[in-house]
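A short write-up of the structure that comes next.
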Amino acid sequence: NVKSSFYSGIDEKNIKLLVYTFSGICAGIAGLIVSSNIKSADANNAGLGFELDAILAVVIGGTLMTGGRFSLLASIIGALVIQSMTTTMYAIGVPAMAAQAVKAVVVMVVILLYSEQFRTVINRLFARKEVQS
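The opening residue of the sequence shown carries number 1 in our numbering; numbering runs sequentially from there.
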């Protein structure tokens, strides 16, 4: 919050510079790790398929796709959950394309569970079943 940081005496420009510098360093390290893993520096295929894992880790961590607050620890736990799920699927012999489809379904289910409209519909359905009983 730029206005709050200004009133608190925090230099917003230096913080932005520091954050973007740190982000660039992290991206560079990640690029080195990925390129060493695929043993080439192919910009077209490096990181292909990782975007769904990144989105899924953050969504499982509890961050709403509409924006708002997030928790770094919860996102790390989400990343561990998605990596465990991926490793398990590969260990039982699920093809890579099917694993991507399963991850996409998990993203949709988690987003539905966070949706207020979906929860309202589910509550109405269960309320009707209780009335009928």
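From the three backbone atoms N, C-alpha and C, an ideal C-beta is built for every residue, glycine too.
Item                                                                          : Value
Cβ neighbour criterion (16 or more within 10 Å) applied to L72                : exposed
Whole-angstrom distance between V94 and G9, CA atom to CA atom                : 54 Å
Heavy atom of the ligand GDP within 8 Å of A30 beta-carbon                    : With respect to the ligand GDP, the structure offers nothing, as it holds no ligand at all.
Residue interval of the alpha helix (DSSP H) (run including F70)              : Where F70 is concerned, there is no enclosing alpha helix (DSSP H), given that its DSSP letter is neither H nor E.
Spatial distance of I55 from A99 (CA atoms)                                   : 15 Å
Selected residue, minimal CA-CA separation from I76, among I92, A91, T66, D53 : D53
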